[in-house]
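Q:
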Amino acid sequence: MSAETVSRTERIAQLNDLCRRGLYPNGRHQMTRTLRATLEEPGPVPGLLATSRLMKAIREYEFTADDGPERDFGALDFEGHRICFKIDYFEPTMVYGSEDPSDPSITVRVMTIMLTSDY
């Protein structure tokens, strides 16, 4: 692997970390209906609190070598449920994939959070 490839991959990983932490300006977070319904089962207020705890767990997620070098996917146990998140890269209109996920000026990141059964 060349230094340029490692550098580009690490840059993508850094930008994904920002997205996961809610600090990427062109980042979006979305949750599947199934996960939202699961979190809101006891009611909307407990659901909001559970969502907040889940987002904290995702922000603090520690990647392993098995998770991949771009840090665009992770899976964790959360309050009795197996959850995963996946970050995808789009061009600014969000119609097509980004030509260069390492360039934040042309990339919108979308993190989808779901039950592993949704994946």
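The sequence shown lines up with residues 924 to 1042 when you count with the numbering used here. Idealized CB from N, CA, C, for every residue including glycine.
1. On the three-state DSSP scale, how would you describe T1016?
2. Assign D1041 to one of three DSSP states: helix, strand, or coil.
3. Given that a residue counts as buried once 16 or more other Cβ atoms are within 10 Å of its Cβ, and exposed if not, what is V1018?
4. Helix, strand or coil: which one does DSSP assign to T1035?
5. Could you tell me the distance, in whole angstroms, from the CA atom of L958 to the CA atom of L1038?
6. Given a cut-off of 8 Å on the beta-carbon distance, is the pair F1001 and A988 in contact?
7. Considering only DSSP beta bridges, list what A998 is partnered with.
8. Excluding the five sequence neighbours on either side, which residues of its own chain have a C-beta within less than 7 Å of the C-beta of L999, listed in chain order?
A: Looking at the coordinates:
1. Locating residue 1016 in the sequence shown gives position 93, where the first residue counts as 1. Coil, per DSSP.
2. Stepping through the sequence shown from its first residue, residue 1041 is reached at position 118. Of the three classes helix, strand and coil, the one that applies to D1041 here is helix, per DSSP.
3. Reading the sequence shown from its first residue, position 95 is the one you call residue 1018. Result: exposed.
4. As a position in the sequence shown, residue 1035 is number 112, starting the count at 1. It is a strand residue.
5. Taking the first residue of the sequence shown as position 1, residue 958 is located at position 35. Taking the first residue of the sequence shown as position 1, residue 1038 is located at position 115. Going from the Cα of L958 to the Cα of L1038 covers about 6 Å.
6. By one-based count along the sequence shown, residue 1001 stands at place 78. By one-based count along the sequence shown, residue 988 stands at place 65. Not closer than 8 Å, so no.
7. Residue numbering aside, residue 998 sits at position 75 when the sequence shown is read from its first letter. In DSSP, A998 forms a bridge with C1007.
8. Counting from 1 along the sequence shown, the entry for residue 999 is found at position 76. So the qualifying residues of the chain are A980, Y984, I1006.
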